[in-house]
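K.L.:
Chains as they are written, first to last, in the numbering used here: chain A, 1 to 337; chain B, 1001 to 1337; chain C, 2001 to 2249; chain D, 3001 to 3249; chain E, 4001 to 4297.
Once you've had a glance at the structure underneath, I'll fire off some questions.
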Amino acid sequence: MTVEAGALRRLGSDPLRLALLAIRLGPVLILLLLVVIMSMLSPAFLTMLNLGNVLAQSAVIAVLAIGQLLVILTRGIDLSVGSTLALASVTGALVYSAAPSGPVVVLAMLATGMAVGAINGMGYVLGRLPHPFIITLATLSAARGLALWLSGGQPQQGMPEIVQMMGSGSAGWLPYSAFLVAAVALAVVLLTTRMVWGRWIYAVGGNPEGARRTAIPVDRVVISVYVLSGLAAGIAAIVTSGRLNAGSPTFGDLAELDSIAAVVIGGASFLGGRGGVGNALVGALMIGIIRNGMNLLDVDAFLQPIVIGVVIVMAVESDVVRGRLESRFRITQAARS
Amino acid sequence: MTVEAGALRRLGSDPLRLALLAIRLGPVLILLLLVVIMSMLSPAFLTMLNLGNVLAQSAVIAVLAIGQLLVILTRGIDLSVGSTLALASVTGALVYSAAPSGPVVVLAMLATGMAVGAINGMGYVLGRLPHPFIITLATLSAARGLALWLSGGQPQQGMPEIVQMMGSGSAGWLPYSAFLVAAVALAVVLLTTRMVWGRWIYAVGGNPEGARRTAIPVDRVVISVYVLSGLAAGIAAIVTSGRLNAGSPTFGDLAELDSIAAVVIGGASFLGGRGGVGNALVGALMIGIIRNGMNLLDVDAFLQPIVIGVVIVMAVESDVVRGRLESRFRITQAARS
Amino acid sequence: MTPALAVRGATKRFGAVLALDGVDLVVFPGEVLALLGDNGAGKSTLIKCISGVHRLDAGSIEMGGAAVTTGSPAAARALGIETVYQDLALFDNLDPAANFYAGREIAGPRWLPRGLRLLRRRDMSRVTGELLTRLQVGIADPHAAVGLMSGGQRQAIAVARAAAFASKVVILDEPTAALGLRESRRVLDLILRLREEGHAVIVVSHAMDHVIEIADRAAVLRRGRKVGEMRPTPDNRQAIVSLIVGGDS
Amino acid sequence: MTPALAVRGATKRFGAVLALDGVDLVVFPGEVLALLGDNGAGKSTLIKCISGVHRLDAGSIEMGGAAVTTGSPAAARALGIETVYQDLALFDNLDPAANFYAGREIAGPRWLPRGLRLLRRRDMSRVTGELLTRLQVGIADPHAAVGLMSGGQRQAIAVARAAAFASKVVILDEPTAALGLRESRRVLDLILRLREEGHAVIVVSHAMDHVIEIADRAAVLRRGRKVGEMRPTPDNRQAIVSLIVGGDS
Amino acid sequence: STGSGTSTTGASPGAAEPIKVGFITKFPVDFYDTMVDAVKTWNRGHPDVEVLFGQGKSGTDDEGETAQIESMLAKGVKAIAITPTSPNLQNVLQKAVDAGVKVVLVDNDIPGWAGKSSVVATDNLAGGKLAGAWLAERVKPGSTIAVLQGRLGNPSLDDRVTGMLSTLGDGVTVVSKPATDCDQTKGLNAAQDILAAHPGIAAIYGACGPPILGALQAVKSAGKKPGELVLVGFDASPGELKAIAAGEVAASVAQFPAKMGSIGIETAVAAARGQTVQAIIDTGTEMVTKENVAGFQ
Ligand SMILES: Nc1ncnc2c1ncn2[C@@H]1O[C@H](COP(=O)(O)OP(=O)(O)OP(=O)(O)O)[C@@H](O)[C@H]1O
Ligand SMILES: Nc1ncnc2c1ncn2[C@@H]1O[C@H](COP(=O)(O)OP(=O)(O)OP(=O)(O)O)[C@@H](O)[C@H]1O
Ligand SMILES: [Mg+2]
Ligand SMILES: [Mg+2]
């Protein structure tokens, strides 16, 4: 086993370890690059006020993206997250007007999210539908409709103290919503890297048929990720409703696209089985920073979508190039050692 | 080889052949069911006027879905079709105001679509991006922005005769756009079932790495499907612009979701390699009929999204159930024969 | 003695193809049964029906004398059937240890529900490494995803997994097809050890030498039907080959 | 005589794993070269480098005495290298004929560019059927997708494909691993016929009997290095096995 | 005057015949909901009229409204009152007119299209001008302001911005005018970013209601006192009215959707029954401020 052992020992050598670390950190490096560029372009960018804004603005996408990540890890897709957010916010507002208790409202919003998620997961699994695209597209439509119907199409003003705090409170310049994101991220990191259930999520994404054959409860795992994604939408609804002190059937429009984009831009695989919470967070921050930057730099409204498109591709592309350069570097490095 | 030969001969027997036919026709059956239900619910549905409307309203989704189908067959996704449609329509309108020639305008619209498609395909392939989601999301944003910028955000009235005819002309109650869809469908049927290139599209979707190893020009095949999807968006732009006698940066909003939904609801595989033009057409018609039905039945605007969601799932689910019943029937049938 | 596993009248049809046609099969504890047959004879299909991957169209399965339903792989596994599939059913995105313990991870604490327990990753890595070393498969980077590994390395992981968790019946579908000389030897030894420990073992193989060496009995399928059973001995070799190939060729 | 294919100093590294370490290899027209080695020795990697799937980190490839670059599978194929990969590289969603002709479909009319030509589906089905019958692989439904076929049926399709389109060099990575007795026999005959027709053939195999029967020369890899070459004869068998297994075990 | 028109028709011989008319609005937001509710209320008093309702998916959903128009024609309406998403609808509306169906445009006009029977609308451009003039009086010359645009490509929303800018005067500079799609969250984000980049702005003008409510949250979270920054919205939605009453939002341009709805449907019915109708009915705009807000709530 000398060759292998040797190779392993070489893996310990510093430049190589650094290179491997850099690969893992790839998207983070690009994110840092983005930050550097932005702070050079706009003096307002690196102010605490603005950093707080970026975090608060990215919080909703980040939470949704973490939920979406779990779904995508199992080779799925959840198109309903934006509508679920809207429905949860409206439910919260209606509950608040009936029973003005903070915890009850929070529970109602979380439960709404999980209920939509359960419909997605169970509809997909028990209905033996060919792809989750179908059921989550249906709930994308139906949850929004329900939110409109429940609210009579009207935004509902007023949210309990605790929801407002989660949405717009802050410790210094650090918004509370950033802590909330951190807590959600931590919990999901724990799930995906340390817990049996998380291992099963990766197994189902890597080989669904194989997972079935190894007696992993595939159906329950699949249902669970949609419920968790719905829960994430409920949490995101709390943040949004708190930021705007309202529940509205128009909240979360196109959030499904944002959340999927965050996961994919952040470097997780759209095809399942590969990726982690870090990818979702990085992707959400990238999107948040790009949008924030457009506004800070007063980019013309017509040109904004063009610039956003170009920057997204450039960010991902620079990570691709970085990866290639690095693997070339590793070969040279290893050949020398 | 007696067993195999025997089995083959049995395949020729009538009930089994019928059963196999029914499997192929599955989604078509569900479509027919939908038609029957609709015509029972609304006397206006089966009028020629309304059938013409349904065809005209479904034409745009159908053309986009056929393009999207080709992309999905290669395991890809094209999120940019709606924005491409808008950009092509604006380009057409601007060209028309500068050079009021029908053919020139048509060519400009088709070329615009293909150009965006080429950017998608080449960006994805040559940029070695991990997934087409990224580049087509970028062009979703950028093409819309360009359309806004070119038009100054204003809808541009006026389209040449030929475009108007394609969009709103009709032979009796049969809209010309239906013939256009038929022509596009026929061409793509030819491509997918008869031509070498079409075979390669399926091969790339079935096993991209295998396709590379068998010297299929994978990169060119992948680029081509995005160009064709862009071309389809250009054709769809002609229909939309003709229908509304205008080019506008707001056309085709959310058309990407509609087109993907049509493909998947129609029964093609979201995971690539399986499906045909028929699936895209059936899916587009289903969506068209459901929307038309909502309008005919005066379903409350708030409830419409709910009903649409429920009907979509029911349509797909009934096809799943039909497939299962049928395979059970086939086993019984074959065991008896 | 009651057979560990008995299959009666197993019939399975895929569309127009009759993959299994009334197959009977028994295997006893402490016995190695070789399942032989040409390509497409129905061996893998039979195995998948026993392991709950496919459902039989007709026929029944008994274990320890009692009728059972192996309606899903999970049910079959719970009944004590451990299988190595021909296509291996590995998770290409996970490392060998994760593959090894997929579905029965070492985790704690015990008072938590299964799914919420924390993985004992170091324990799992260690045991996996030891077992693979026993099979003499050198795996350069034990933390690489198995999707990147060589054909033999992959097969070794799948075989080691089944052997490690063997309970009543162990089924191996062409377990040495991709293995080198030394690794094949180890797998044959493994099978013999399983027999000694009283497991019932079903092995599919095209390698007559291996079959003659390890199998107590050989059942031959041809086009979905069982055409015979025989004790595989060097003397019987030609007879078995004729059974496999059939008279009509 | 100039070798049909010569590899010099082939080196390939995957991350921390050195899969090939300065391997030299030549094979002449009309010769069958067996490439032997334990699991993970680097055989498939070497083959993939020759066929353009991987790029060599260092080393060179010559064909007919001239240096060539097999930068992609298409380039390798254009140079006359035909390969059966260990993982078969089949299209699970297509039928056997479509798999068979993937990338070189029979189509016309000739004046059209390749991609736009119309498929001659009946011709392709007929030829595929004939070739598979020659290998004695019974395929129940010739229009079913190959994803649903048995392991041996799939391998037979892949082998028949390479043999049918053989040009200068034919490379077969464990071509009989999943095949039954009769089908294996046919493939060995096929290899001998390829040799007679003047093709250079490289075969990877773990089956020493097969190697001794058909190979003119055997090259042995161990942990990415070539450790020897030998004429495979029954007498040499033990020596070759020692080379494969290595002194240190 | 319009009420008497209907009663006259009720007495005419043709009126015994029940009549079908369509009422199409852009998409479900409170502005159009108010309009639809007003029509429903009106309809209760006019049982001889069957009103079919239709709605698109967004403020720019031309295709959706086209489909609605086509369905209504299939169901045999005699008149359509519609809030057109854009001038792009004139083609299909002309088809309706050609088929003998009267068309009344509500909320906004399709300029240059001769087929309409009447336009019942607020002039958005005029509303914008009103806001611009109002703002010009309240911000000092030399100060800077920001504009939260609506949805790009939506003519009536664009008019509100154009009109405002035309009367604002040269003394005031617009430093930023991002699009918000009339989305509350996007309004909040944009306002936060603008306040970070241009902390000194004196006012924010919104082309629709929701973004201004979002901006209000941004102003609050930036620690500014209400009134320190002049917020002016458009539409006078319930949320805005509440904020105006509380002194947090300075003003909003009010339109009268209920009036538009009832007059619109009435005009459509009258046109269908062959009566002559006024070509333009302006339902008017008004600046809502803390002083007069009580009258709007
Ligand atoms: N899921 C399936 N759908 C349709 N046909 C199938 C399916 N699985 C197997 N078959 C067919 O059933 C027959 C038996 O296949 P099976 O895999 O059992 O053969 P086998 O004996 O294992 O062959 P091998 O030695 O090649 O592995 C073959 O003709 C095969 O094509
Ligand atoms: N794409 C890859 N990435 C990383 N490591 C790889 C890759 N391909 C092969 N390896 C490693 O390189 C070594 C050689 O693998 P290779 O497939 O060439 O072995 P082999 O001789 O063909 O073995 P077998 O007989 O099992 O097929 C193994 O350790 C394997 O894990
Ligand atoms: Mg098999
Ligand atoms: Mg190999």
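Ideal Cβ positions, reconstructed from N, Cα and C, are used throughout, including at glycine.
Mapping the DSSP letters down to three states, classify residue 4162(E) as helix, strand or coil.
P.N.:
Residue mapping note: residue 4162(E) aligns to position 162 of the fifth sequence, counting from 1. Looking at residue 4162(E) - three-state DSSP - the assignment turns out to be helix.
K.L.:
So is residue 4135(E) in contact with chain A if we call contact Cβ pairs under 8 Å?
P.N.:
Within the fifth sequence, the letter at position 135 stands for residue 4135(E). False, the Cβ-Cβ gap to chain A never drops below 8 Å.
K.L.:
Between the stretch 3031-3044 of chain D and the stretch 2139-2152 of chain C, do at least 3 Cβ pairs fall closer than 8 Å?
P.N.:
With a cut-off of 8 Å, the stretch 2139-2152 of chain C and the stretch 3031-3044 of chain D count as touching, because enough Cβ pairs lie within range.
K.L.:
Residue 3012(D) to residue 269(A), Cα distance in whole Å?
P.N.:
In the fourth sequence, residue 3012(D) corresponds to position 12, counting from 1. In the first sequence, residue 269(A) corresponds to position 269, counting from 1. The straight-line gap from Cα to Cα measures roughly 26 Å.
K.L.:
Measure the beta-carbon distance from residue 4120(E) to residue 4260(E) and round it to whole angstroms, keeping in mind my assumption that it falls under 8 Å.
P.N.:
Residue 4120(E) sits at position 120 when you count from the first residue of the fifth sequence. Residue 4260(E) sits at position 260 when you count from the first residue of the fifth sequence. That belief holds up - the Cβ atoms of residue 4120(E) and residue 4260(E) are roughly 6 Å apart, short of 8 Å.
K.L.:
The alpha helix (DSSP H) with residue 258(A) in it runs from where to where?
P.N.:
Sequence index remark: in the first sequence, residue 258(A) carries index 258 (1-based). Start and end: 255-265.
K.L.:
The alpha helix (DSSP H) that contains residue 133(A), what's its start and end?
P.N.:
As a first step, residue 133(A) is located in the first sequence; it is residue number 133 there, counting from the start. 132-151 is the span of the alpha helix (DSSP H), which, as asked, contains residue 133(A).
K.L.:
Shortest alpha-carbon distance to residue 52(A) belongs to which of 275(A), 43(A), 301(A) and 177(A)?
P.N.:
Here the question's residue 52(A) lines up with position 52 in the first sequence. For residue 52(A), the nearest C-alpha among the options comes from 177(A).
K.L.:
Check whether the stretch 1256-1272 of chain B touches the stretch 1077-1084 of chain B, taking contact to mean three or more Cβ pairs, one atom from each stretch, closer than 8 Å.
P.N.:
Touching, yes, given that three or more Cβ pairs across the two stretches are closer than 8 Å.
K.L.:
Return the CA-CA distance between residue 2203(C) and residue 3173(D), expressed in angstroms with no decimal places.
P.N.:
Taking the first residue of the third sequence as 1, we reach residue 2203(C) at position 203. Taking the first residue of the fourth sequence as 1, we reach residue 3173(D) at position 173. Near 24 Å, if we compare the C-alpha coordinates of residue 3173(D) and residue 2203(C).
K.L.:
Check this for me: beta carbons of residue 4140(E) and residue 4163(E), under 8 Å apart or not?
P.N.:
Working through the fifth sequence from its first residue, we reach residue 4140(E) at position 140. Working through the fifth sequence from its first residue, we reach residue 4163(E) at position 163. No. Outside cutoff.
K.L.:
In chain order, what residues of the stretch 1233-1261 of chain B put their CB closer than 8 Å to some CB of chain A?
P.N.:
Listed in sequence order: 1257, 1260 and 1261.
K.L.:
Where do the N-terminal and C-terminal ends of the alpha helix (DSSP H) with residue 2048(C) fall, by residue?
P.N.:
In the third sequence, counting from the first residue as 1, residue 2048(C) sits at position 48. Per DSSP, residue 2048(C) belongs to the alpha helix (DSSP H) from 2043-2050.
K.L.:
Helix or strand or just coil, what does DSSP make of residue 1185(B)?
P.N.:
If you number the second sequence from 1, residue 1185(B) lands on position 185. The answer is helix: DSSP assigns residue 1185(B) an H, G or I state.
K.L.:
Determine the direct distance from the alpha carbon of residue 56(A) to that of residue 175(A), and round the result to whole angstroms.
P.N.:
For the purposes of this step, residue 175(A) is taken as residue 175 along the first sequence, with counting starting at 1. For the purposes of this step, residue 56(A) is taken as residue 56 along the first sequence, with counting starting at 1. Straight-line Cα distance between these residues: approximately 6 Å.
K.L.:
Pick helix, strand or coil for residue 156(A), following the three-state DSSP scheme.
P.N.:
Within the first sequence, the letter at position 156 stands for residue 156(A). Strand.
K.L.:
Buried or exposed: residue 59(A), going by 16 or more other Cβ atoms within 10 Å of its Cβ?
P.N.:
Along the first sequence, one-based indexing puts residue 59(A) at 59. By the 10 Å Cβ count, residue 59(A) comes out buried.
K.L.:
Just reading off the alpha helix (DSSP H) that residue 4062(E) is part of, what are its end residues?
P.N.:
Along the fifth sequence, read from residue 1 onward, the residue named residue 4062(E) stands at position 62. Residues 4062-4074.
K.L.:
Check whether the stretch 3044-3062 of chain D touches the stretch 3019-3032 of chain D, counting contact only when three or more Cβ pairs, one atom from each stretch, lie closer than 8 Å.
P.N.:
Yes: at least three Cβ pairs fall under 8 Å.
K.L.:
State the DSSP-derived secondary structure class of residue 3264(D), mapped to helix, strand or coil.
P.N.:
Residue 3264(D) lies beyond the stretch modelled for chain D, which goes from 3001 to 3249, so this question has no answer here.
K.L.:
Are any of the Cβ atoms in chain B nearer than 8 Å to that of residue 180(A)?
P.N.:
For the purposes of this step, residue 180(A) is identified with residue 180 of the first sequence, where counting begins at 1. False, the Cβ-Cβ gap to chain B never drops below 8 Å.
K.L.:
Just to make sure I have the definition right: I need the residues of chain E whose C-beta is within less than 7 Å of the C-beta of residue 1346(B). Which are they?
P.N.:
Here chain B has residues from 1001 to 1337 only, and residue 1346(B) is not among them.
K.L.:
Can you find a CB in chain C that lies within less than 8 Å of the CB of residue 273(A)?
P.N.:
Along the first sequence, one-based indexing puts residue 273(A) at 273. Yes, because at least one Cβ of chain C sits closer than 8 Å to the Cβ of residue 273(A).
K.L.:
Which of the residues in the stretch 2090-2103 of chain C, read from start to end, lie with their CB under 7 Å from any CB of chain A?
P.N.:
Result list: 2090, 2091, 2092, 2093, 2094, 2098, 2102 and 2103.
K.L.:
Would you check if there are 3 or more beta carbon pairs closer than 8 Å linking the stretch 65-73 of chain A to the stretch 276-296 of chain A?
P.N.:
As far as the Cβ criterion goes, the stretch 65-73 of chain A touches the stretch 276-296 of chain A, which means the pair count is three or higher.
K.L.:
Tell me where the alpha helix (DSSP H) around residue 4289(E) begins and ends.
P.N.:
Residue 4289(E) sits at position 289 when you count from the first residue of the fifth sequence. Element bounds for residue 4289(E): not the alpha helix (DSSP H) but the beta strand (DSSP E), 4286-4289.
K.L.:
Can you list, in chain order, the residues of its chain whose CB lies under 7 Å from that of residue 4097(E), leaving out five sequence neighbours each side?
P.N.:
Residue 4097(E) sits at position 97 when you count from the first residue of the fifth sequence. These residues qualify, in order along the chain: 4103 and 4115.
K.L.:
With a threshold of 6 Å on Cβ separation, who are the neighbours of residue 4149(E) within its own chain once the five nearest residues in sequence on each side are excluded?
P.N.:
In the fifth sequence, the residue the question calls residue 4149(E) occupies position 149. Within the same chain, residue 4149(E) has close Cβ partners 4161, 4177, 4179 and 4207.
K.L.:
When Cβ atoms are compared, which residues of the stretch 215-228 of chain A fall closer than 7 Å to chain E?
P.N.:
Listed by position along the chain: nothing, the set is empty.
K.L.:
Could you tell me the distance, in whole angstroms, from the CA atom of residue 1192(B) to the CA atom of residue 1219(B)?
P.N.:
Residue 1192(B) sits at position 192 when you count from the first residue of the second sequence. Residue 1219(B) sits at position 219 when you count from the first residue of the second sequence. Their backbone Cα atoms lie some 18 Å apart in a straight line.
K.L.:
Let's see if you can read the secondary structure: which residues bound the beta strand (DSSP E) around residue 2008(C)?
P.N.:
Position 8 of the third sequence, counted from the first residue, corresponds to residue 2008(C). Where residue 2008(C) is concerned, the enclosing beta strand (DSSP E) stretches over 2005-2014.
K.L.:
Alpha carbon to alpha carbon, how far is residue 1190(B) from residue 88(A)?
P.N.:
Working through the second sequence from its first residue, we reach residue 1190(B) at position 190. Working through the first sequence from its first residue, we reach residue 88(A) at position 88. Distance between the alpha carbons of residue 1190(B) and residue 88(A) is about 48 Å.
K.L.:
Regarding residue 3086(D) and ligand 4, is the C-beta to nearest heavy atom distance less than 7 Å?
P.N.:
Start at 1 with the first residue of the fourth sequence, and residue 3086(D) comes out as number 86. At least one heavy atom of ligand 4 is nearer than 7 Å to the Cβ of residue 3086(D), so yes.
K.L.:
Give the interface partners of residue 270(A) over in chain E, defined as CB-CB distance under 7 Å, in chain order.
P.N.:
Start at 1 with the first residue of the first sequence, and residue 270(A) comes out as number 270. Near residue 270(A) there are no residues of chain E at all, since even the closest Cβ is about 26 Å away, more than 7 Å.
K.L.:
Determine, using beta-carbon pairs with one atom in the stretch 2057-2070 of chain C and one in the stretch 221-235 of chain A, whether at least three such pairs fall under 8 Å.
P.N.:
Taking 8 Å as the limit for Cβ pairs, the verdict is that the stretch 221-235 of chain A does not touch the stretch 2057-2070 of chain C.
K.L.:
What is the rounded straight-line gap between the Cα of residue 4195(E) and the Cα of residue 286(A)?
P.N.:
Here residue 4195(E) refers to the residue found at position 195 of the fifth sequence. Here residue 286(A) refers to the residue found at position 286 of the first sequence. Rounded to the nearest angstrom, the two C-alpha atoms are 21 Å apart.
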